[in-house]
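Below you'll find the structure, written out as structure tokens, and then a few comments.
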Amino acid sequence: MNGTNQKPNNQNKLNFWFLKILSFLSLLYFIAIPLGWVKQKLETADVVIFAIILLVNSELLERLVKLVITKDGITLDLDKIKAEQDSQQVKIETNKANIEATTNIVQRLTSVEQEMAKSKNQNQLLVSSLLGSYELKHLRKLGSDEPFSYKKQRPFVQELRHLRALGFIENLPNKTISSMPENGNLKDYLQITEQGREYLRKREQAELENNNSFDDAIESHT
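Just remember that our numbering sits 1246 ahead of the position in the sequence shown, which is counted from 1.
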């Protein structure tokens, strides 16, 4: 009895794997046509047979949006696959931008370190030299209670990445710099961190000390 049941089961497994392999080859052929990998195409009748096999194994088509068979050939809508490729490209570009921001920080810190070796007030120099004027302006706006209207441009994005790499700002949940629209309120996507607020406090203190030193120098010469 068991031997009788085992034969159909084995046959079913063979049929299953044969169908899977044939379906995979069919799908590969359909993909190869628009990509130009196939020089000699099959006849329409053969293609229809392949299509039927694919439809029987519908899970293999979940990555395809549309499959149209006509007398002129096959049309594949690869929008979903293309969208995933575009998403991967965005991730690659984002990673490159983050690496660039980190590299800029290293270069700037190296420059600051060289200046600190010549400076008498190293702490003041470090605080005042860490950010550029535009980056400081962005950080102060994010630290204020007012909306921050922006226009997305490459230099602006680089400055934001630099601030984020320093830990002065951070993304809001489920928001990224790369996904920001061309215009909007920056506070809908980024927020200042406590580290960023602490930097602003030190910056203000350094500027105050610098002004006091300047006033003292003037008084000593009068």
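Beta carbons are placed, not taken as given, at the ideal position from N, Cα and C, and that holds for glycine.
DSSP links ASN1431 through a beta bridge to SER1395. Contact annotation: GLU1428 and LYS1397 have beta-carbon atoms nearer than 9 Å. Within the DSSP secondary-structure output, ILE1438 pairs in a beta bridge with ILE1415. Of the residues assessed, GLY1413 falls on the exposed side of the cut-off, its CB having fewer than 16 other CB atoms within 10 angstroms.
Comparing alpha carbon positions, the residue from TYR1380, LEU1409, ILE1338, PRO1393 closest to ASN1431 is PRO1393.
Secondary structure of LEU1376 (DSSP, three-state): coil.
Around the CB of THR1422, fewer than 16 other CB atoms lie within 10 Å, so the residue is classed as exposed. Contact between LEU1446 and GLY1389 holds, with the beta-carbon distance rounding to 6 Å and staying under 8 Å. In the structure shown, ILE1338 adopts helical secondary structure according to DSSP, grouped into three states. Contact annotation: LEU1385 and ILE1438 have beta-carbon atoms nearer than 9 Å.
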